[in-house]
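Protein chains: 2
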Amino acid sequence: MTQNIYDNQKFFENYQRLSRSTKGLPGAPEWPALRALLPALGGGRVLNLGCGFGWFSRWARQNGAARVLGIDVSRNMLMRARAETHDRAIRYLRADLERLSLPSSSFDLVYSSLALHYVKNLRGLMSKVRRSLIAGGSLVFSVEHPIYTAPSSPKWRTASGRKFWPVDGYLDEGPRSTDWLAKGVIKQHRTLATYLNMLLGLGFSIAKVNEWGPTRRQIASQPSWADERKRPAFLLVAARR
Amino acid sequence: MTQNIYDNQKFFENYQRLSRSTKGLPGAPEWPALRALLPALGGGRVLNLGCGFGWFSRWARQNGAARVLGIDVSRNMLMRARAETHDRAIRYLRADLERLSLPSSSFDLVYSSLALHYVKNLRGLMSKVRRSLIAGGSLVFSVEHPIYTAPSSPKWRTASGRKFWPVDGYLDEGPRSTDWLAKGVIKQHRTLATYLNMLLGLGFSIAKVNEWGPTRRQIASQPSWADERKRPAFLLVAARR
Numbered sequence: 001m002t003q004n005i006y007d008n009q010k011f012f013e014n015y016q017r018l019s020r021s022t023k024g025l026p027g028a029p030e031w032p033a034l035r036a037l038l039p040a041l042g043g044g045r046v047l048n049l050g051c052g053f054g055w056f057s058r059w060a061r062q063n064g065a066a067r068v069l070g071i072d073v074s075r076n077m078l079m080r081a082r083a084e085t086h087d088r089a090i091r092y093l094r095a096d097l098e099r100l101s102l103p104s105s106s107f108d109l110v111y112s113s114l115a116l117h118y119v120k121n122l123r124g125l126m127s128k129v130r131r132s133l134i135a136g137g138s139l140v141f142s143v144e145h146p147i148y149t150a151p152s153s154p155k156w157r158t159a160s161g162r163k164f165w166p167v168d169g170y171l172d173e174g175p176r177s178t179d180w181l182a183k184g185v186i187k188q189h190r191t192l193a194t195y196l197n198m199l200l201g202l203g204f205s206i207a208k209v210n211e212w213g214p215t216r217r218q219i220a221s222q223p224s225w226a227d228e229r230k231r232p233a234f235l236l237v238a239a240r241r
Numbered sequence: 242m243t244q245n246i247y248d249n250q251k252f253f254e255n256y257q258r259l260s261r262s263t264k265g266l267p268g269a270p271e272w273p274a275l276r277a278l279l280p281a282l283g284g285g286r287v288l289n290l291g292c293g294f295g296w297f298s299r300w301a302r303q304n305g306a307a308r309v310l311g312i313d314v315s316r317n318m319l320m321r322a323r324a325e326t327h328d329r330a331i332r333y334l335r336a337d338l339e340r341l342s343l344p345s346s347s348f349d350l351v352y353s354s355l356a357l358h359y360v361k362n363l364r365g366l367m368s369k370v371r372r373s374l375i376a377g378g379s380l381v382f383s384v385e386h387p388i389y390t391a392p393s394s395p396k397w398r399t400a401s402g403r404k405f406w407p408v409d410g411y412l413d414e415g416p417r418s419t420d421w422l423a424k425g426v427i428k429q430h431r432t433l434a435t436y437l438n439m440l441l442g443l444g445f446s447i448a449k450v451n452e453w454g455p456t457r458r459q460i461a462s463q464p465s466w467a468d469e470r471k472r473p474a475f476l477l478v479a480a481r482r
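So the sequences go chain by chain: R and V.
In terms of the working numbering, the first sequence opens at residue 1 and continues consecutively.
In terms of the working numbering, the second sequence opens at residue 242 and continues consecutively.
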């Protein structure tokens, strides 16, 4: 089973204070880029892997989805998702993404925001995801970017007066332990090629790739984000079955 | 016109001493990975962009290609390519990749090794490449990896006893000047997403991506290459029209 860090009370308390938790999708700076990768949702069935508080599940319904299934392993997340959702076309399910069963040819869109880098057997999950999509269906997801997850010591360094992101171990895939919101949060580092070749090998076609960093406009309103253009924090991918 | 650094005498003298210049394809550590991306060549027509000394052009003929057209901007490179090629099915042409004209639907494979990062208007060239391929034809190329080209100061740094590659400016695309074999060699930094989305936008499908680093076996025979697993030096892409 994947580490269920969202049910760690300290982590969860800190997570609840993030802008993306208090403001929802508009509080996530990468949301406009992720939204741009989505297909039209009109009448579609949506699966949301790692649905968290349900922000996207509700947004999908407001933007035309017929039905949404949100899956998350965290009791904390689902409790709040259920409390804030008043829509019988949205269903939430507690499940470990490593051990999921999915119905075949049942979804027009599988969506996942910043959850898949927690999954060890991602190929197994992606294989199930592919079978769960209708022909022509879409997979749209974000993960922490491999440049972001690669370092053995993932913090900014300064040399000769310049800030750098210290990349090492990029090609050595596997778990990375970081102290983000709590100590010992485990994420899986994979190369960008591994993400893409895994999808291609399962019969997906790649539609678009986005290595996310803030736009100049976003930096103008949030000057502290300027460093985020030095290396991409997030990888966004759109693929088609 | 792209900087024609291979006709800079100092650069060329140093380039001629590299393992890939003296030994040809087996002297390039990424060659086995690049070769693995190639389609079967039997009877095919091959375009080699940035053909250099003609190693690949001759290899393609020895591996079944019917005809090969090698293009390079460097007089130095083409002089040696012509001197070492004794095969009337291989033709060499001197041309700037920025200003190329290509016949349409004429090639089964367009191949390029470590040349496209010199090209400013890569989209223009890739658009011509797509038209020059038959339907189902392949584009296989390598470039310096964006992680490799991104830094403002591209050399290993050490902190807390660990070597790392100092990534900054990853999302800021454009020329990078480095002192590699000669001073002021200009390469174009592009993100990985830009390479892939450019191809997708032109109607290519992505077949495979390789972020090249040495295998453990290669490191065993060349221990000095171990650092090359900390960050990929080359990006290899196979795409289909």
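Each residue gets a CB set at the ideal place from its N, CA and C atoms; glycine is no exception.
Quick one: Cα of residue i to Cα of residue j, how far?
i                      : j                      : result
residue 61 of chain R  : residue 91 of chain R  : 11 Å
residue 341 of chain V : residue 366 of chain V : 7 Å
residue 449 of chain V : residue 329 of chain V : 33 Å
residue 23 of chain R  : residue 226 of chain R : 21 Å
residue 135 of chain R : residue 241 of chain R : 6 Å
residue 418 of chain V : residue 424 of chain V : 8 Å
residue 351 of chain V : residue 338 of chain V : 13 Å
residue 472 of chain V : residue 43 of chain R  : 44 Å
residue 463 of chain V : residue 274 of chain V : 17 Å
residue 446 of chain V : residue 14 of chain R  : 42 Å
residue 115 of chain R : residue 145 of chain R : 12 Å
residue 37 of chain R  : residue 461 of chain V : 43 Å
residue 326 of chain V : residue 212 of chain R : 46 Å
residue 48 of chain R  : residue 108 of chain R : 11 Å
residue 210 of chain R : residue 30 of chain R  : 10 Å
residue 347 of chain V : residue 310 of chain V : 11 Å
residue 228 of chain R : residue 238 of chain R : 22 Å
residue 319 of chain V : residue 455 of chain V : 30 Å
residue 388 of chain V : residue 191 of chain R : 12 Å
residue 55 of chain R  : residue 216 of chain R : 26 Å
residue 75 of chain R  : residue 94 of chain R  : 7 Å
residue 165 of chain R : residue 435 of chain V : 21 Å
residue 180 of chain R : residue 345 of chain V : 54 Å
residue 399 of chain V : residue 82 of chain R  : 49 Å
residue 354 of chain V : residue 378 of chain V : 17 Å
residue 155 of chain R : residue 250 of chain V : 42 Å
residue 430 of chain V : residue 20 of chain R  : 32 Å
residue 246 of chain R : residue 368 of chain V : Nothing can be reported for residue 246 of chain R: it is not among the residues displayed for chain R, which extend from 1 to 241.
residue 300 of chain V : residue 477 of chain V : 19 Å
Compare the C-alpha of residue i against each of the options and name the closest.
i                      : options                    : result
residue 173 of chain R : R:222, R:196, R:149, R:164 : R:149
residue 153 of chain R : V:329, V:402, V:328, V:307 : V:402
residue 132 of chain R : R:45, R:194, R:222, R:36   : R:45
residue 129 of chain R : R:203, R:74, R:177, R:188  : R:203
residue 412 of chain V : R:63, R:138, R:234, R:205  : R:234
residue 459 of chain V : V:279, V:268, V:327, V:431 : V:268
residue 258 of chain V : V:294, V:271, V:344        : V:294
residue 321 of chain V : V:384, V:248, V:407        : V:248
residue 381 of chain V : V:437, V:250, V:307        : V:437
residue 245 of chain V : V:360, V:442, V:406        : V:360
residue 428 of chain V : V:300, V:384, V:251        : V:384
residue 307 of chain V : V:282, V:291, V:292, V:315 : V:282
residue 483 of chain V : V:397, V:304, V:358        : Since the first residue of chain V shown is 242 and the last is 482, residue 483 of chain V is not available in this structure.
residue 312 of chain V : V:324, V:343, V:304        : V:343
residue 291 of chain V : V:260, V:276, V:243, V:280 : V:243
residue 242 of chain R : R:201, R:151, R:19         : The shown model of chain R, from 1 to 241, leaves out residue 242 of chain R, and the question about it has no answer.
residue 39 of chain R  : R:58, R:63, R:12           : R:63
Between which two residues does the beta strand (DSSP E) containing residue i stretch?
i                      : result
residue 129 of chain R : Per DSSP, residue 129 of chain R belongs to no beta strand (DSSP E); it is in the alpha helix (DSSP H), 122-132.
residue 406 of chain V : 403-408
residue 211 of chain R : 205-212
residue 240 of chain R : 234-240
residue 289 of chain V : 286-290
residue 111 of chain R : 107-113
residue 78 of chain R  : Per DSSP, residue 78 of chain R belongs to no beta strand (DSSP E); it is in the alpha helix (DSSP H), 75-84.
residue 275 of chain V : It is not in any beta strand (DSSP E) - residue 275 of chain V instead sits in the alpha helix (DSSP H) that spans 272-276.
residue 92 of chain R  : 90-94
residue 308 of chain V : 308-313
Could you pull the start and end residues of the alpha helix (DSSP H) that residue i belongs to?
i                      : result
residue 460 of chain V : 457-462
residue 11 of chain R  : 9-15
Residues, ordered as in the chain, of the stretch 148-182 of chain R that lie near chain V by beta-carbon distance below 9 Å: 150, 151, 152, 153, 157, 159, 160, 162, 163, 164, 165, 166, 167, 168, 169, 170, 171, 172
Using a Cβ-Cβ cut-off of less than 7 Å, give me the residues of the stretch 211-222 of chain R that come near chain V, in sequence order. 211, 213
Check each residue of the stretch 466-482 of chain V: if its Cβ is closer than 9 Å to any Cβ of chain R, include it; give the result in chain order. 468, 469, 470, 471, 472, 473, 476, 477
Let me know the alpha helix (DSSP H) ranges lying completely inside the stretch 133-194 of chain R, each 4 residues or longer, listed in chain order. 146-149
Along the stretch 179-205 of chain R, where does the CB come closer than 8 Å to a CB of chain V? Name the residues. 191, 192, 193, 196, 197, 200, 205
Along the stretch 27-41 of chain R, what residues have a CB closer than 8 Å to any CB found in chain V? none
Taking a cut of 7 Å between CB atoms, which residues from the stretch 345-368 of chain V lie near chain R? none
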